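As structure tokens, the structure follows; a few thoughts come after it.
In this note's numbering, the protein residues as written are 607 to 795.
Here is the structure:
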């Protein structure tokens with residue numbers, strides 16, 4: 607959170623109002639999610655964009671070698687967390703006549719548990735659109751690229767070389783996607 611705060615402070619410009627909230631919560635904690643939604647509404651009066659980016663990774667194993675408890679933990683963090691945050695935020699998005707929601711996906715392979723959750727996010731995003739498009743909600747699944755991060759440390763060494771993207775590229779792409787309503791890109795970025 608200190609890094610986020612530092613980025614926020616660096617982005618401030620004289621004469622330009624800039625308010626940001628840097629908050630963490632467990633994506634599976636309904637009370638924590640409700641608190642964040644309430645704080646967002648109290649601070650800004652509305653919610654424009656929801657970015658679901660819950661992540662967790664186990665060591666890379668085949669299905670036959672995988673740990674069922676670890677497999678389910680990943681589904682709980684990524685898929686259930688994405689569902690709960692989306693469900694908690696949709697009423698506020700719908701209240702203002704709709705807006706955008708981003709679901710982080712992946713095209714990576716060789717991690718059977720995390721990848722299956724990221725694949726499941728695709729039809730989940732399509733369902734959000736099917737249920738809410740007429741109400742003004744746009745949903746975008748976004749593959750952020752192959753970005754090195756703390757979780758990457760458990761990847762097999764032979765795969766580290768594919769992590770060539772940066773957070774800046776992913777964040778700039780997301781800002782571009784949500785900068786104006788791009789209906790032609792919804793559910794397929």
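Even for Gly, the Cβ is constructed at its ideal location relative to N, Cα and C.
No experiment lies behind these values; they were computed from the predicted model shown.
Kindly give me the distance between the Cβ atoms of residue i and residue j, rounded to whole angstroms, as I take these residues to be in contact under 8 Å.
i           : j           : result
residue 658 : residue 691 : 6 Å
residue 698 : residue 783 : Between residue 783 and residue 698 the Cβ distance is about 20 Å, and since that is not below 8 Å, they are no contact.
residue 633 : residue 687 : 3 Å
residue 663 : residue 726 : Their Cβ separation, rounded to whole angstroms, is 16 Å, which puts residue 663 and residue 726 out of contact at 8 Å.
residue 723 : residue 748 : With a Cβ gap of about 15 Å, residue 723 and residue 748 do not count as contacting.
residue 631 : residue 638 : 4 Å
DSSP three-state label for residue i, please.
i           : result
residue 726 : helix
residue 674 : helix
residue 686 : helix
residue 739 : helix
residue 608 : helix
residue 766 : helix
residue 619 : coil
residue 638 : helix
residue 758 : helix
residue 702 : coil
residue 645 : helix
residue 692 : helix
residue 733 : helix
residue 628 : coil
residue 680 : helix
residue 633 : coil
residue 613 : helix
residue 752 : coil
Looking only at DSSP bridge pairs, what is residue i linked to?
i           : result
residue 709 : 658 and 747
Let me make sure I understand the geometry here. Which of the options has the alpha-carbon closest to that of residue i?
i           : options               : result
residue 652 : 766, 701 and 751      : 701
residue 753 : 613, 767 and 762      : 767
residue 693 : 703, 680, 681 and 707 : 707
residue 776 : 630, 750 and 731      : 750
residue 661 : 650, 672, 646 and 680 : 680
residue 785 : 622, 744 and 641      : 744
residue 668 : 623, 762, 650 and 628 : 762
residue 628 : 640, 618, 612 and 619 : 612
residue 746 : 733, 649 and 624      : 733
residue 772 : 760, 759, 765 and 755 : 755
residue 742 : 781, 655, 684 and 685 : 655
residue 649 : 624, 614, 770 and 684 : 624
residue 646 : 695, 682 and 614      : 695
Considering just the uninterrupted stretch of the alpha helix (DSSP H) at residue i, what are its terminal residues?
i           : result
residue 778 : 773 to 785
residue 651 : Premise fails: residue 651 is in no alpha helix (DSSP H) and is neither H nor E.
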